[in-house]
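In the order they appear, the protein sequences are chains F and V.
Residue numbers for the first sequence, in the numbering used here: 198 to 633.
Residue numbers for the second sequence, in the numbering used here: 11 to 85.
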Amino acid sequence: MHPRVERLPSSRLGLPARVFYVSRRVLKLLKMFAVLAGPGIIVMVADNDAGGITTYTVTGAQYGFHLLWFLILLGPVAYYVQEMTVRLGAVTKRGHAEAIFAAFGRFWGWFSLLDLVLTDWLTMITEFIGMTAAMSIFGIPAWLTVLACWLIMGAMIMSGRYWTWEKVTLLFCVLNLIYIPAAFLVRPSPGEVLRNSLIPHLPPGGFTNTLFFLIMANIGTTIAPWMLFFQQSSVVDKALKEKDIAFGKLDTAFGALLTVVVAMVLIIVCGQLLYGQPIEDAAMAARAILPRSRFIGTVMAIGLFDAGLLGAVCISLASSWAFGEVFGWAHSLNQKVREAPWFYAYYFFDLLLAGAVTLLAGPRLLVLITLFVQVIATTLLPAALVFLILLLNDKKTMGKYVNTPWQNVANVSIVLVIIVASTLYGLSVVFPSLFG
Amino acid sequence: MGLFANIRAGIREVNRRYERPELKTTLFTRICLVCLRAYLLLMVALMLFALVHTAMSGGEAVKQAAQPAALPPSP
Numbered sequence: 198m199h200p201r202v203e204r205l206p207s208s209r210l211g212l213p214a215r216v217f218y219v220s221r222r223v224l225k226l227l228k229m230f231a232v233l234a235g236p237g238i239i240v241m242v243a244d245n246d247a248g249g250i251t252t253y254t255v256t257g258a259q260y261g262f263h264l265l266w267f268l269i270l271l272g273p274v275a276y277y278v279q280e281m282t283v284r285l286g287a288v289t290k291r292g293h294a295e296a297i298f299a300a301f302g303r304f305w306g307w308f309s310l311l312d313l314v315l316t317d318w319l320t321m322i323t324e325f326i327g328m329t330a331a332m333s334i335f336g337i338p339a340w341l342t343v344l345a346c347w348l349i350m351g352a353m354i355m356s357g358r359y360w361t362w363e364k365v366t367l368l369f370c371v372l373n374l375i376y377i378p379a380a381f382l383v384r385p386s387p388g389e390v391l392r393n394s395l396i397p398h399l400p401p402g403g404f405t406n407t408l409f410f411l412i413m414a415n416i417g418t419t420i421a422p423w424m425l426f427f428q429q430s431s432v433v434d435k436a437l438k439e440k441d442i443a444f445g446k447l448d449t450a451f452g453a454l455l456t457v458v459v460a461m462v463l464i465i466v467c468g469q470l471l472y473g474q475p476i477e478d479a480a481m482a483a484r485a486i487l488p489r490s491r492f493i494g495t496v497m498a499i500g501l502f503d504a505g506l507l508g509a510v511c512i513s514l515a516s517s518w519a520f521g522e523v524f525g526w527a528h529s530l531n532q533k534v535r536e537a538p539w540f541y542a543y544y545f546f547d548l549l550l551a552g553a554v555t556l557l558a559g560p561r562l563l564v565l566i567t568l569f570v571q572v573i574a575t576t577l578l579p580a581a582l583v584f585l586i587l588l589l590n591d592k593k594t595m596g597k598y599v600n601t602p603w604q605n606v607a608n609v610s611i612v613l614v615i616i617v618a619s620t621l622y623g624l625s626v627v628f629p630s631l632f633g
Numbered sequence: 011m012g013l014f015a016n017i018r019a020g021i022r023e024v025n026r027r028y029e030r031p032e033l034k035t036t037l038f039t040r041i042c043l044v045c046l047r048a049y050l051l052l053m054v055a056l057m058l059f060a061l062v063h064t065a066m067s068g069g070e071a072v073k074q075a076a077q078p079a080a081l082p083p084s085p
């Protein structure tokens, strides 16, 4: 600052000078945010993986715009859960798997780790299913898609720098926003969108079994167990400090906003173009839209591929980080392959195995996997959330970042709802006749 | 054999390192963990039952789900 200006109290600065210094401060904060943002945006956008995209397309095709308000409610829910991992990671400098082992002992540690690995691997298969289905729309054979995915995902992490991986992944996150123009092109009624977004209501037909399943599916896709492990490990690998927690929360909030926007956009597009049609997955939706609008159909297919790719990268990393933390291997993206061989070996093993199963397994096995991964995830999510809350209430470890009473009220309420919803959803998938 | 021996050694080391939980187990924590165990036992039992049931029924639900659904006719 100019010495003469520095001596003047701010109230005596002229308006142009004040605007200049305020805007400089804002620019500085934005630059700080750009440096520190990443884990929250990536985990939230990757949350809209192949399974998530399918859920939203089916929701739109089945109920039009009637569940937009519900998606908006899920945004803060996802934020409140994920921001706990930011605090926990920044304060303890430990990943979620290691934190569970250390705090709760061997039994819960092994349960969480093995359940995570199994759920992640099965979910990776569903991501590959989504990606191959998306590319098959353009006539690209499944084996070529899987091979390309292996190469892309492998290349993404080979730089030996977390920063590089993060920025490349953020580019793929930006690609995930490709759906947004489609929402304007389908020309939905703004009044109808606003009304269905702001006023909670049941769709025509009332509360049916189908509505129940879709609500549960939406909840299940918004908060997935791997997200807790991924974001906390990512915060640790990025070396976020306690003083960065505020930016980490902002990063998570922005990511939650993006995930809700993409979800709403998909519901609007499918609600406008495919309402009432028997759509079962996102690839089918893209195929159904293509004859009506080549651009939107193409956007749907590319978006589905990108969603699967992002999901696969993040899910595989979540498992690799978890293993590395627990076994004490070198496990950082800031380390090259020869410095962290087991970390990268597990990542590639996960990818290769999931891709191979996608190519070699028959349709029945793939459907079974798709059905059961949702159920298996319900066993991990409640446990992971309970552990998270207990850890965030440990004042000795968390210090001033311990959960406040209001945070506990909010988080416990969310956890209870999710436990009940996840359980009912898991039961409904396994025993469809139980709910009529 | 070397690989499996390394894995076994790694598992033993993990078990040794995390033998004692660090978190102070208050009454509330213990209640939460007991409820969680009961819940998880129930869920795992249900999943196993469902797997066996699906396998014994010849995977009828899976067969139906695996049938390709007809696309809606083009406008």
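We put the CB at the ideal spot given by N, CA and C, even for glycine.
Between the stretch 544-554 of chain F and the stretch 469-485 of chain F, are three or more C-beta pairs nearer than 8 Å? no
Rounded to the nearest angstrom, what separates Thr316 of chain F and Val216 of chain F at their Cα positions? 52 Å
Classify Glu23 of chain V: buried if its beta carbon has 16 or more other beta carbons within 10 angstroms, exposed otherwise. exposed
Beta-carbon of Phe628 of chain F versus every beta-carbon of chain V: anything under 8 Å? yes
Simplified DSSP assignment, three categories, for Gln668 of chain F: It is not possible to answer for residue 668 of chain F, since the shown part of chain F is limited to 198 through 633.
Just to confirm, is the Cβ distance from Asp448 of chain F to Ala234 of chain F under 8 Å? yes
What ranges does the beta strand (DSSP E) occupy inside the stretch 276-354 of chain F, keeping only unbroken runs of at least 3 residues that lie completely in it? none
Going by the CB atoms, is the gap between Ala580 of chain F and Leu56 of chain V shorter than 8 Å? no
Assigned secondary structure, Thr407 of chain F (DSSP; H/G/I helix, E/B strand, else coil): helix
Leaving out five residues on either side along the sequence, give the residues of the same chain with a beta carbon under 6 Å from the beta carbon of Gly445 of chain F. Val283 and Leu437
Could you list which residues in chain F have their beta carbon closer than 7 Å to that of Gly20 of chain V, in chain order? Phe524
Can you tell me whether Leu81 of chain V is helix, strand or coil according to DSSP? Any answer about Leu81 of chain V is weak, because its pLDDT of 38 lies below 50 and its placement is not dependable; what the coordinates show is given next. Three-state result, Leu81 of chain V: coil.
List the residues of chain F whose Cβ lies closer than 7 Å to the Cβ of Ala55 of chain V, in chain order. What Ala55 of chain V touches in chain F: nothing, since even the nearest Cβ is about 11 Å away.
Please confirm whether Leu13 of chain V has its beta-carbon closer than 8 Å to some beta-carbon of chain F. no
Nearest chain V C-beta to Ala515 of chain F closer than 8 Å, yes or no? no
Would you check if there are 3 or more beta carbon pairs closer than 8 Å linking the stretch 557-573 of chain F to the stretch 307-325 of chain F? yes
For a quick check, are the C-beta atoms of Asn406 of chain F and His263 of chain F less than 8 Å apart? no
Residues within the stretch 34-52 of chain V neighbouring chain F, beta-carbon criterion of under 8 Å: Lys34, Thr39, Cys42, Leu43, Leu46, Tyr49 and Leu50
So Ser517 of chain F is in the alpha helix (DSSP H); what residue range does that whole segment cover? Arg491 to Phe524
Who are the near neighbours of Gly292 of chain F in its chain, counting only those whose CB is closer than 6 Å to its CB and skipping five residues on each side? Gln429, Ser430, Val433, Trp518 and Glu522
Measure the C-alpha to C-alpha separation of Pro213 of chain F and Lys228 of chain F and round it to an integer number of angstroms. 22 Å
Using a cut-off of 9 Å between C-beta atoms, extract the partners of Val583 of chain F located in chain V. Cys42, Leu43, Cys45 and Leu46
Between which two residues does the alpha helix (DSSP H) harbouring Arg27 of chain V extend? Gly12 to Arg27
Where Arg535 of chain F falls: helix, strand or coil (DSSP): coil
Host alpha helix (DSSP H) of Asp448 of chain F (start-end): Ile442 to Leu470
Under 8 Å, Cβ to Cβ, is there at least one residue of chain F near Val24 of chain V? yes
Nearest-angstrom Cα separation, counted from Leu408 of chain F out to Val457 of chain F: 19 Å
Reducing DSSP to helix, strand and coil, say where Val383 of chain F ends up. coil
Taking beta-carbon pairs under 8 Å, can you tell me which members of the stretch 283-303 of chain F lie near chain V? Phe298, Ala299, Ala300, Phe301, Gly302 and Arg303
Is there a Cβ of chain V sitting closer than 8 Å to that of Gly623 of chain F, yes or no? yes
Do Val288 of chain F and Glu439 of chain F have their beta-carbon atoms positioned less than 8 Å apart in this structure? yes
Take the Cβ of Cys346 of chain F as the centre, count every other Cβ of all protein chains shown within 10 Å, and call the residue buried at 16 or more, exposed below. buried
Would Pro31 of chain V and Ala294 of chain F be called neighbours here (beta carbons separated by less than 8 Å)? no
Using the beta-carbon count (16 or more within 10 Å), is Asn608 of chain F buried or exposed? buried
Taking 8 Å as the cut-off, decide whether the C-beta atoms of Ala453 of chain F and Ala275 of chain F are in contact. yes
Relative to the alpha-carbon of Thr575 of chain F, which residue among F:Phe335, F:Gly417, F:Phe492 and F:Ile239 has its alpha-carbon at the smallest distance? F:Gly417
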